[in-house]
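Protein chains: 2
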Amino acid sequence: MSAVEKAFHGLRHMIATGRLGPGERIPPESDLCEELGVSRGPLREAVRMLSALGVVEPRHGSGTYVSQLRPEDVIRSLLLTFELLPLPGLLEIYEIRRVLEAHVAAKAAARRSAEEVETLFSLIEEMEATDDPTKASELDHRFHAEIARIGGNPTLASLLSVFRARSRQYQVFTLPEGPEMRQKSDADHRLMATGIADRDPGAAAGAAEAHVAQTERWLRAFMPPVEEEGVPGTAAG
Amino acid sequence: MSAVEKAFHGLRHMIATGRLGPGERIPPESDLCEELGVSRGPLREAVRMLSALGVVEPRHGSGTYVSQLRPEDVIRSLLLTFELLPLPGLLEIYEIRRVLEAHVAAKAAARRSAEEVETLFSLIEEMEATDDPTKASELDHRFHAEIARIGGNPTLASLLSVFRARSRQYQVFTLPEGPEMRQKSDADHRLMATGIADRDPGAAAGAAEAHVAQTERWLRAFMPPVEEEGVPGTAAG
DNA sequence: TCCCCAAAGTCGTCTGATGACTTTTGCATT
DNA sequence: AATGCAAAAGTCATCAGACGACTTTGGGGA
């Protein structure tokens with residue numbers, strides 16, 4: 001086993017066995033090097049790996065801390081890498097999104113409060129009022145995130161958030177057909193919000209699934225290649 | 238921006254823009270250090286981060302290669318960290334599993350071939366025939382993985398595989414109540430396989446959802462703490 | 001033609017030193 | 001006594017150089 005693996009599994013073991021708990025500071029590098037029998041280089045690489053996976057968080061000058069180890073923290077670590085996936089795989093992700101967005105919409109319909117319905121409709125109105133595709137995309141994200149939050153499962157909300165971020169890269173709303181798409185999209189949103197407001201899980205789920213399926217069809221039809229990451233488009237926010 | 242971040246985002250950018258494609262070998266460390274303006278330490282840490290996330294794969298003596306960038310590769314990177322999550326989060330994951338296992342079972346029912354049905358039932362018979370909880374757990378895993386494979390969405394299969402691996406750590410079959418549970422579990426499996434054999438998506442989905450829900454109830458009831466990772470139990474395989 | 005080995009290329013590890021940042025400590029001032 | 005500030009300690013971040021381990025390549029000999 002290489003030194004990096006030794007350090008990685010050693011640290012993971014300390015966390016798995018509870019010797020290092022969530023939020024706790026791990027021993028300084030020099031101590032860990034001695035205990036794990038590796039030098040600082042490999043140890044730091046192992047810590048970086050755990051950091052990339054959302055398990056620990058180094059703070060310059062202070063120490064390295066174990067994260068809260070919530071599933072949503074770990075899932076969020078997929079964000080930066082999902083953006084690298086080529087298009088074919090994205091379509092597989094859409095199938096999962098369809099199922100899960102429908103599920104959270106149904107759960108949201110069963111759990112929503114009056115204030116939450118209020119929030120959803122005000123987001124829709126903002127969306128319909130703006131002409132800026134960037135702002136529209138950002139509001140779209142917040143609308144779906146709010147429904148996922150109401151659904152009551154933070155892990156699921158985090159997972160869907162990662163999936164949506166990958167989709168948003170393609171910025172379909174900035175295409176020539178954008179306005180038309182947005183009109184259809186707005187109508188879908190109203191259907192979803194209405195289903196939730198009516199406490200009708202079936203209606204909400206159906207509307208959500210149809211909405212995702214529609215987005216998928218658009219993407220399939222145009223398949224615009226993403227030429228740049230971080231390009232100032234609808235990916236903002 | 239720190240040197241590690243500079244290197245990490247620099248590399249990610251090279252992949253995102255297509256300068257480095259799937260399967261391709263990235264430039265040697267010394268070249269990258271010069272281009273990115275960092276020394277070897279931080280560069281190696283950045284490469285390790287991408288490696289932990291399933292984006293690149295270093296090969297000693299040969300070079301570092303970009304992975305195939307399939308979603309299932311990236312999702313698999315969650316395997317080692319999901320095992321660290323405390324129990325409360327696990328229950329949120331069960332809700333997702335319930336929805337997705339039902340979905341793949343339905344899709345499997347629609348897509349299955351005669352040979353695949355054969356495989357499922359032979360796995361069930363092996364499962365029913367063995368007394369070894371470890372072997373039973375391994376066969377259980379293969380049974381569910383096979384259904385997910387038949388479902389036709391590798392990304393979804395990979396995601397479910399990660400979720401199941403986390404659950405298997407608890408080894409409910411080794412409890413005193415184990416044999417009883419296994420009997421119920423076997424019956425569930427037959428229901429699922431029958432639904433798939435009959436090309437009845439509704440039946441298959443219902444059986445799958447009930448099966449997952451049952452497992453979740455067992456876990457909720459006993460909540461045995463996991464004291465060791467890699468303990469020789471049902472986690473084998 | 002085939003086999004073997006030497007050399008080059010590349011990643012892996014160690015060591016030592018220095019810089020940057022945070023937290024703590026202790027002292028001087030109010 | 002309370003407060004504020006500066007020094008010091010602790011910790012992570014980075015650089016540089018050297019050597020080891022492994023893989024691949026290519027040439028030389030059988």
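Residue numbers (this note's numbering), protein chains in the order written: chain H, 1 to 237; chain V, 238 to 474.
Cβ coordinates follow ideal geometry from the N, Cα and C atoms, glycine included.
Quick caveat: nothing in here was measured; it's all calculated off a predicted structure.
### Query
Helix, strand or coil: how does DSSP classify V275 (chain V) here?
Translated into the one-based positions of the second sequence, residue 275 (chain V) becomes position 38. It is coil, neither helix nor strand.
### Query
Residues in its own chain within less than 6 Å of Y302 (chain V) by CB, not counting five upstream and five downstream?
Walking along the second sequence from the start, residue 302 (chain V) turns up at place 65. Cβ neighbours of Y302 (chain V) beyond the five flanking positions: R262 and E294.
#### Entry: Sequence-distant residues of the same chain with beta carbon closer than 6 Å to A445 (chain V), five excluded per side
Against the second sequence, residue 445 (chain V) aligns to sequence position 208. Excluding sequence neighbours, A445 (chain V) sits near E338, A339, A342 and M429.
### Message
Taking beta-carbon pairs under 8 Å, can you tell me which members of the segment 277-294 of chain V lie near chain H?
### Response
Against chain H - using a Cβ distance shorter than 8 Å - the residues of the segment 277-294 of chain V are G278, R281, E282, A283, R285, M286, L287, S288, A289, L290, G291 and V292.
### Query
Any Cβ of chain H within less than 8 Å of the Cβ of V354 (chain V)?
Residue 354 (chain V) sits at position 117 when you count from the first residue of the second sequence. Contacts with chain H at 8 Å (Cβ-Cβ) do not include V354 (chain V).
### Query
Nearest CA to the CA of P265 (chain V): which residue from V:V284, V:D425, V:H250 and V:G389?
Against the second sequence, residue 265 (chain V) aligns to sequence position 28. Of the listed residues, the one whose Cα sits closest to P265 (chain V) is V:V284.
### Task
Please decide whether L87 (chain H) counts as near chain V, where near means a Cβ-Cβ distance under 8 Å.
Within the first sequence, the letter at position 87 stands for residue 87 (chain H). Chain V contact via Cβ: absent.
### Message
Any beta carbon from chain V within less than 8 Å of E229 (chain H)'s own beta carbon?
### Response
Along the first sequence, one-based indexing puts residue 229 (chain H) at 229. Because E229 (chain H) sits at a pLDDT of 45, beneath the cut-off of 50, its placement in the model cannot be relied upon, and the following sentence gives the value as read from the coordinates. It does: the Cβ of E229 (chain H) has a partner Cβ on chain V nearer than 8 Å.
### Listed by chain order, chain V residues near T155 (chain H) by CB distance under 7 Å
Here residue 155 (chain H) refers to the residue found at position 155 of the first sequence. The answer, in chain order, is G326, E329, I330 and I333.
### Query
Which residues in the same chain as R190 (chain H) place their Cβ atom closer than 8 Å to its Cβ, once the five residues preceding and following it in sequence are excluded?
Along the first sequence, read from residue 1 onward, the residue named residue 190 (chain H) stands at position 190. Within the same chain, R190 (chain H) has close Cβ partners I124.
### Query
Around the C-beta of H257 (chain H), are 16 or more other C-beta atoms found within 10 angstroms, so that it is buried, or is it exposed?
The requested residue 257 (chain H) is not part of the displayed model; chain H covers only 1 to 237.
### Query
Residues in the segment 193-219 of chain H with C-beta within 8 Å of chain V's C-beta atoms, listed in sequence order?
Within the segment 193-219 of chain H, no residue has a Cβ that lies closer than 8 Å to any Cβ of chain V.
### Contact set between T64 (chain H) and chain V, taken where Cβ atoms lie within less than 8 Å
Working through the first sequence from its first residue, we reach residue 64 (chain H) at position 64. For T64 (chain H), there are no neighbours in chain V by C-beta distance under 8 Å, as the nearest C-beta there is about 13 Å away.
### A157 (chain H) classed as buried or exposed, judged by whether at least 16 other C-beta atoms fall within 10 angstroms
By one-based count along the first sequence, residue 157 (chain H) stands at place 157. Result: buried.
### Message
Am I right that A7 (chain H) and V38 (chain H) are in contact with their C-beta atoms under 8 Å? What's the rounded C-beta distance?
### Response
Here residue 7 (chain H) corresponds to residue number 7 of the first sequence, with the count starting at 1. Here residue 38 (chain H) corresponds to residue number 38 of the first sequence, with the count starting at 1. For A7 (chain H) against V38 (chain H), the beta-carbon gap comes to about 5 Å, under 8 Å, which counts as contact.
### Query
What three-state label does DSSP hand V292 (chain V) in the structure shown?
Here the question's residue 292 (chain V) lines up with position 55 in the second sequence. If DSSP states are grouped into helix, strand and coil, V292 (chain V) belongs with coil.
### Task
Could you round the C-beta distance between V162 (chain H) and L79 (chain H) to whole angstroms and report it? I think they count as a contact, below 8 Å.
Along the first sequence, one-based indexing puts residue 162 (chain H) at 162. Along the first sequence, one-based indexing puts residue 79 (chain H) at 79. Here V162 (chain H) really is in contact with L79 (chain H); their C-beta atoms are around 5 Å apart, less than 8 Å.
### Query
Using the rule of at least 16 other Cβ atoms within 10 Å of the residue's Cβ for burial, across every protein chain shown, is D310 (chain V) buried or exposed?
Taking the second sequence and counting its residues from 1, one reaches residue 310 (chain V) at position 73. Only buried fits D310 (chain V), as 16 or more other CB atoms lie within 10 angstroms of its CB.
### Task
Tell me whether G61 (chain H) sits in a helix, a strand or coil according to DSSP, three-state version.
As a working mapping, residue 61 (chain H) is identified with position 61 in the first sequence. For G61 (chain H), the secondary structure class from DSSP, reduced to helix, strand or coil, is coil.
### Query
Would V117 (chain H) pass as a contact of A197 (chain H) if the rule is Cβ separation under 8 Å?
Locating residue 117 (chain H) in the first sequence gives position 117, counting from the first residue. Locating residue 197 (chain H) in the first sequence gives position 197, counting from the first residue. Yes, they are a contact pair.
### Message
Using a Cβ-Cβ cutoff of 7 Å, what residues of the segment 135-153 of chain H are near chain V? List them in chain order.
### Response
Of all residues in the segment 135-153 of chain H, N153 have a Cβ within less than 7 Å of some Cβ in chain V.
### Task
Measure the alpha-carbon distance for D312 (chain H) versus L175 (chain H) and round it to whole angstroms.
Outside the shown range of chain H, which is 1 to 237, sits residue 312 (chain H), and nothing can be said about it.
#### Entry: Among V:P391, V:G300, V:L328 and V:L306, nearest to A345 (chain V) - alpha-carbon criterion
As a working mapping, residue 345 (chain V) is identified with position 108 in the second sequence. When only C-alpha atoms are compared, the closest one is V:P391.
### Query
How many whole angstroms separate the CB atoms of L328 (chain V) and E414 (chain V), which I take to be in contact at a CB cut-off of 8 Å?
Counted from its first residue, the second sequence places residue 328 (chain V) at position 91. Counted from its first residue, the second sequence places residue 414 (chain V) at position 177. 20 Å between Cβ atoms; not a contact.
### Message
To the nearest angstrom, how far is the alpha carbon of I96 (chain H) from that of D31 (chain H)?
### Response
Numbered from its first residue, the first sequence carries residue 96 (chain H) at position 96. Numbered from its first residue, the first sequence carries residue 31 (chain H) at position 31. When only Cα atoms are considered, I96 (chain H) and D31 (chain H) end up about 44 Å apart.
### Close beta carbons around G21 (chain H), own chain, < 7 Å, minus the five adjacent residues each side
Numbered from its first residue, the first sequence carries residue 21 (chain H) at position 21. Closer than 7 Å at the Cβ level, and outside the excluded window around G21 (chain H), lie V66.
### Query
What first and last residue would you give for the alpha helix (DSSP H) that runs through Y94 (chain H)?
Taking the first residue of the first sequence as position 1, residue 94 (chain H) is located at position 94. L87 to R111 is the span of the alpha helix (DSSP H), which, as asked, contains Y94 (chain H).
### Query
Mapping DSSP to helix, strand and coil, what is R25 (chain H)?
In the first sequence, counting from the first residue as 1, residue 25 (chain H) sits at position 25. Reduced to three states, the DSSP call for R25 (chain H) is strand.
### Inter-residue spacing [alpha-carbon to alpha-carbon] between K372 (chain V) and F410 (chain V)
Counted from its first residue, the second sequence places residue 372 (chain V) at position 135. Counted from its first residue, the second sequence places residue 410 (chain V) at position 173. For the pair K372 (chain V) and F410 (chain V), the Cα-to-Cα distance works out to about 11 Å.
### Query
Just how far apart, CA to CA, sit I210 (chain V) and L84 (chain H)?
Coverage of chain V is limited to positions 238 through 474, which leaves residue 210 (chain V) absent and any answer about it impossible.
### Query
Of all the CB atoms in chain V, is at least one closer than 8 Å to the CB of V74 (chain H)?
For the purposes of this step, residue 74 (chain H) is identified with residue 74 of the first sequence, where counting begins at 1. Yes - at least one Cβ of chain V is within 8 Å of the one on V74 (chain H).
### Message
Once the 5 residues before and after E282 (chain V) are set aside, which same chain residues still bring their CB inside 7 Å of it?
### Response
Here residue 282 (chain V) is taken as the residue at index 45 of the second sequence, counted from 1. Cβ neighbours of E282 (chain V) beyond the five flanking positions: V241.
### Message
Taking the alpha carbon of F143 (chain H) as the reference point, which residue from H:R98, H:L69, H:S122 and H:H9 has its own alpha carbon closest?
### Response
Start at 1 with the first residue of the first sequence, and residue 143 (chain H) comes out as number 143. Ranking H:R98, H:L69, H:S122 and H:H9 by Cα distance to F143 (chain H) puts H:S122 first.
### Task
Answer with buried or exposed for M238 (chain V), where buried requires no fewer than 16 other C-beta atoms within 10 angstroms of its C-beta.
Translated into positions along the second sequence, residue 238 (chain V) becomes position 1. A residue is called buried once 16 or more other Cβ atoms fall within 10 Å of its Cβ, and M238 (chain V), having fewer, is exposed.
#### Entry: Exposure label - S185 (chain H); buried when at least 16 CB within 10 Å
Indexing the first sequence from 1 puts residue 185 (chain H) at position 185. Buried, because 16 or more other Cβ atoms sit within 10 Å of the Cβ of S185 (chain H).
### Task
Check the Cβ of I124 (chain H) against every Cβ in chain V and list those closer than 8 Å, keeping chain order.
Position 124 of the first sequence, counted from the start, is the residue given in the question as residue 124 (chain H). Going along chain V, no residue has its Cβ under 8 Å from I124 (chain H), so there is no contact; the nearest lies around 26 Å.
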